[in-house]
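With the first letter of the sequence shown counted as 1, position 80 gets the number 74 in our numbering; the numbers rise by one all the way through.
Here a beta-carbon is modelled for each residue, glycine too, at the ideal position from N, C-alpha and C.
Scroll down for the structure; my scribbles are underneath it.
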Amino acid sequence: MIPLTMTQIKSQTQMQKIQPQINKIKQEYKNDREKINMETMKIYSENKINPLLGCLPLLLQLPILFALFILLQNFAPIKEESFLWLSELGQPDPYFILVIIFVITSFLTQQMMLTDPSQKAIKYIMPIAMGFIFYRLAAALLVYFNTSNIWQLGERYIISRFFVPKESEETIHKKKKGEIKK
């Protein structure tokens, strides 16, 4: 998954760079959705950006996630196994520790992934909503989700820190002011 994550992060970085242009188009043509879409697609093609690349890792994981969900919910030997404070992995965590860890790691993952200010509410709402949905799941699933979230946090940190070129703070500030294009 690391190559896909690297592609996703690079795509997100490119999307952030063109965001001021897209915002300008939205302001300029605010009453014409068709023109906004046309101009946005034009910017994507000029900058060689595919907006769907950000979804690719998630889409590839969905079949695995589905199979894992069915397996962990119905596989008898796993249901009876114990792990740390959990007497049975097939039952929900009685102390909600795994759910709390899930909400925290999901929030941190969202924090690293979503940089668009318009999606700020999602950073807070999604982890909590998922926590309410997942609190009745088998503990084995939450162990998997928590492990996956922790892996993603480490992976994203390492990739964004060492493999994605960073712009200087001065350049970013000038772009926000509109002094520099691209």
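C-alpha distance - residue i paired with residue j, whole-angstrom precision
i    : j    : result
M107 : L46  : 15 Å
F96  : L59  : 16 Å
F157 : I91  : 34 Å
E28  : I19  : 12 Å
K42  : Q8   : 9 Å
N44  : R150 : 20 Å
A61  : K114 : 32 Å
K36  : F128 : 41 Å
K11  : N68  : 46 Å
E33  : V137 : 44 Å
S81  : Q21  : 57 Å
Per DSSP, the bridge partner or partners of residue i
i   : result
F77 : L80
Per-residue burial, residue i [other beta carbons within 10 Å of its own, 16 or more giving buried]
i    : result
G125 : buried
Q2   : buried
P57  : exposed
L65  : exposed
D26  : exposed
Selected residue, minimal CA-CA separation from residue i, among the options
i    : options               : result
P88  : L62, N68 and L131     : L131
Q146 : T99, K36 and F128     : T99
L52  : R155, S142 and A115   : S142
Q55  : S5, I3, T103 and F139 : F139
Q13  : D26, Y38 and K117     : Y38
I117 : Y129, T103 and F128   : The question names Ile, yet the displayed sequence has Lys at residue 117. Selected option, being the one with the closest Cα: T103.
CB of residue i within 7 Å of CB of residue j, strictly
i    : j    : result
M0   : I94  : no
I30  : Y23  : yes
A134 : L83  : yes
P86  : F101 : no
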